[in-house]
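Quick note: the sequence shown uses this note's numbering, first residue 2, plus one each step.
Structure, as structure tokens:
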Amino acid sequence: MTVIYRPGHDNPADYLSCHPIHLPPSDREQKVAEEYINYILSTSTPKAMTIEEVATETAKDKTLTAVIQALLTNKWYGIDDDVDKAIFQTLHANRAELSLAHNNSIILKGRRIVLLKTLQSRAAQIAHTGHQGIMKSTACLREKVWFKNMQALVEENIRNCHTCQISTYKPAREPLQMSPLPAAPWTEVSADFGHLQNGKYLLVVTDKYSRYVVVDILDSISTTSVIPRLDKIFAEFGVPVSLKTDNGPPFNSSDFKDHASLTGFKHRKITPLWPQANAEMERFMRTSNGTADFREIGTIIRSLGCCPTETELNDFLNEVEEDEPTGYIRFEKFKPALIRVILERRFQPTPEDILLKAFERLDSENKGHLTKEEITKFLTEEGEVFNQDELAEMFSAAADPETGNIFYKDFVPHMVVEDTLY
Numbered sequence: 002m003t004v005i006y007r008p009g010h011d012n013p014a015d016y017l018s019c020h021p022i023h024l025p026p027s028d029r030e031q032k033v034a035e036e037y038i039n040y041i042l043s044t045s046t047p048k049a050m051t052i053e054e055v056a057t058e059t060a061k062d063k064t065l066t067a068v069i070q071a072l073l074t075n076k077w078y079g080i081d082d083d084v085d086k087a088i089f090q091t092l093h094a095n096r097a098e099l100s101l102a103h104n105n106s107i108i109l110k111g112r113r114i115v116l117l118k119t120l121q122s123r124a125a126q127i128a129h130t131g132h133q134g135i136m137k138s139t140a141c142l143r144e145k146v147w148f149k150n151m152q153a154l155v156e157e158n159i160r161n162c163h164t165c166q167i168s169t170y171k172p173a174r175e176p177l178q179m180s181p182l183p184a185a186p187w188t189e190v191s192a193d194f195g196h197l198q199n200g201k202y203l204l205v206v207t208d209k210y211s212r213y214v215v216v217d218i219l220d221s222i223s224t225t226s227v228i229p230r231l232d233k234i235f236a237e238f239g240v241p242v243s244l245k246t247d248n249g250p251p252f253n254s255s256d257f258k259d260h261a262s263l264t265g266f267k268h269r270k271i272t273p274l275w276p277q278a279n280a281e282m283e284r285f286m287r288t289s290n291g292t293a294d295f296r297e298i299g300t301i302i303r304s305l306g307c308c309p310t311e312t313e314l315n316d317f318l319n320e321v322e323e324d325e326p327t328g329y330i331r332f333e334k335f336k337p338a339l340i341r342v343i344l345e346r347r348f349q350p351t352p353e354d355i356l357l358k359a360f361e362r363l364d365s366e367n368k369g370h371l372t373k374e375e376i377t378k379f380l381t382e383e384g385e386v387f388n389q390d391e392l393a394e395m396f397s398a399a400a401d402p403e404t405g406n407i408f409y410k411d412f413v414p415h416m417v418v419e420d421t422l423y
């Protein structure tokens with residue numbers, strides 16, 4: 002092999018290999034994260050709404066602008082007076098789920114865009130394209146965006162949709178025949194069974210008048226096991242006039258029929274395969290599957306001595322709502338939120354003196370009472386509107402049986418919720 006020397010001026014150098022382009026160092030993980038956020042942003046934007054439009058409108062909204070500044074500086078205090086404090090506090094409570102995208106101009110809650118008020122109605126109309134129902138429209142919205150009172154906005158939008166109103170089939174159900182309230186406690190009772198995981202059973206007896214519940218544990222639901230336990234309960238509380246049960250064993254046996262005749266109570270068996278006939282008992286015996294119905298959250302909170310308005314209740318539901326609409330809330334998510342309500346003493350009941358002043362203000366003539374017409378006019382035209390069932394329940398408890406007037410000084414003490422929870 003022969004080696005030949007070649008001088009440098011005869012050997013042209015590769016300029017590009019000797020002079021590489023100097024690029025700034027890039028963090029691969031940060032780049033991947035930014036690309037993922039931008040992907041979520043692009044897929045979460047409603048089809049008839051551009052990202053630039055959302056960013057422009059967000060910049061005009063003082064509340065979301067304040068949230069963006071709080072996310073950038075981690076300072077969630079000292080906000081201006083024109084900021085919507087309810088929305089700001091809700092986003093602050095969920096700050097661990099918030100992120101910024103599109104050059105810090107759009108807020109994401111998880112994988113959904115936080116939408117401001119000026120675009121909410123438009124988004125609801127887009128979701129209702131094709132005239133889908135409330136659940137489908139809400140599910141479509143919740144895949145893309147997040148804002149407070151979403152369900153209420155969708156319902157209002159569908160109620161105002163003329164096409165949906167004229168094409169929706171609304172079958173008329175037979176009016177319910179409500180059972181009258183018994184004249185005295187423990188005259189009409191209901192009984193049913195609950196199944197325990199250890200193989201045993203619960204015998205539950207409820208009084209229709211007082212809603213008082215008596216529970217006993219059974220090894221079996223045979224006649225020889227149930228009858229002695231019922232005799233024990235009746236010996237303590239008295240023999241009722243009637244006992245309402247389903248048509249299952251042992252209530253459909255001849256032994257139980259003979260026992261009812263000997264003991265002296267009327268055995269009322271409901272229509273087969275029609276549990277609504279014993280609805281109160283069936284509702285009490287409904288087994289828990291680790292979730293709570295959204296429609297029952299208000300009842301649960303009010304049973305603890307809290308008195309939220311419908312607006313406050315909707316705000317609470319928005320705090321605990323699931324990403325996908327199911328109509329239910331998991332206990333592991335609902336329980337911490339409920340504990341915060343208790344510890345923060347939210348939804349406090351109105352004091353007695355404030356209630357009395359409110360009634361006195363309505364009683365402009367200082368008569369000491371209000372008529373049904375005056376109360377009805379106020380409760381159906383001002384504030385949170387009462388429905389007819391709520392009005393009827395109130396009048397049955399408050400109205401004087403002879404005149405029909407409400408003597409509010411006597412009624413107000415019964416309206417006050419005792420602060421025993423704290």
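Ideal Cβ placement from N, Cα and C applies to all residues, glycine included.
If you check the beta carbons only, do residue i and residue j fall under 8 Å apart?
| i | j | result |
| --- | --- | --- |
| I127 | L42 | no |
| A125 | L101 | no |
| L117 | T59 | yes |
| I228 | H268 | no |
| C308 | R347 | no |
| L392 | L380 | yes |
| R113 | K145 | yes |
| F266 | V240 | yes |
| N315 | N161 | no |
| V1 | A67 | This structure does not reach residue 1, given that the chain is present from 2 up to 423, and the question cannot be answered. |
Along the chain, where does the beta strand (DSSP E) that runs through residue i open and close?
| i | result |
| --- | --- |
| E189 | E189 to H196 |
| R230 | No beta strand (DSSP E) contains R230, which is instead part of the alpha helix (DSSP H) from T224 to F238. |
| D390 | Careful: D390 lies outside any beta strand (DSSP E), inside the alpha helix (DSSP H) at Q389 to A399. |
| R113 | R113 to V115 |
| L219 | V214 to L219 |
| T207 | Y202 to D208 |
Strictly by DSSP, which residues pair up with residue i?
| i | result |
| --- | --- |
| A71 | BP columns for A71 are empty, so no partner. |
| D62 | In DSSP, D62 forms no bridge with anything. |
| I407 | L371 |
| Y329 | D294 |
What three-state label does DSSP hand residue i in the structure shown?
| i | result |
| --- | --- |
| N290 | Its pLDDT being 47, under 50, N290 is placed unreliably by the model, and nothing is read from it. |
| T310 | coil |
| A102 | strand |
| V155 | helix |
| R347 | coil |
| K334 | helix |
| A243 | The question names Ala, but residue 243 in the sequence shown is Ser. Looking at S243 - three-state DSSP - the assignment turns out to be strand. |
| H93 | helix |
| V55 | helix |
| H268 | strand |
| T139 | helix |
| D81 | coil |
| K110 | strand |
| V146 | strand |
| L371 | strand |
| I5 | coil |
| S211 | coil |
| S180 | coil |
Where does the unbroken alpha helix (DSSP H) through residue i begin, and where does it stop?
| i | result |
| --- | --- |
| K358 | E353 to L363 |
| L263 | S255 to T264 |
| I167 | H163 to S168 |
| S122 | K118 to A128 |
Thinking just about the alpha-carbon of each residue, which of the options is nearest to the one in residue i?
| i | options | result |
| --- | --- | --- |
| P183 | T207, T169, N161 and F194 | T207 |
| K63 | H103, C165 and T119 | T119 |
| R123 | M50, C165, T377 and K368 | M50 |
| S437 | D316, V155 and P251 | Outside the displayed range of the chain (2 to 423) lies residue 437, so it cannot be described from this structure. |
| P181 | E175, Y210 and Y170 | Y210 |
| L231 | S254, T264, N315 and T188 | T264 |
| D131 | I159, W77, M151 and R113 | The amino acid at residue 131 is misidentified as Asp; the sequence shows Gly. Comparing Cα-Cα distances from G131 to each of I159, W77, M151 and R113, the minimum goes to I159. |
| I271 | F238, S191, D364 and I298 | S191 |
| K358 | N319, L344, K410 and N388 | K410 |
| M136 | N95, A153 and K149 | A153 |
| L73 | L92, I52 and N105 | N105 |
| L219 | I234, L203 and Y213 | L203 |
| D193 | C165, P186, P176 and P250 | P250 |
| K245 | H196, G200 and W187 | W187 |
| V216 | S223, A400, T224 and G195 | G195 |
| A34 | V205, H103 and F235 | H103 |
| E333 | V321, V342 and L344 | V321 |
| I330 | E297, L356, P352 and L344 | E297 |
Using a C-beta cutoff of 8 Å, does residue i count as contacting chain B?
| i | result |
| --- | --- |
| D354 | Within the model displayed, chain B is absent; a lone protein chain is all it includes. |
Shorter than 7 Å, the distance from the beta carbon of residue i to the closest heavy atom of the ligand HEM, or not?
| i | result |
| --- | --- |
| I108 | The model on display carries no ligand, and the ligand HEM is accordingly not part of it. |
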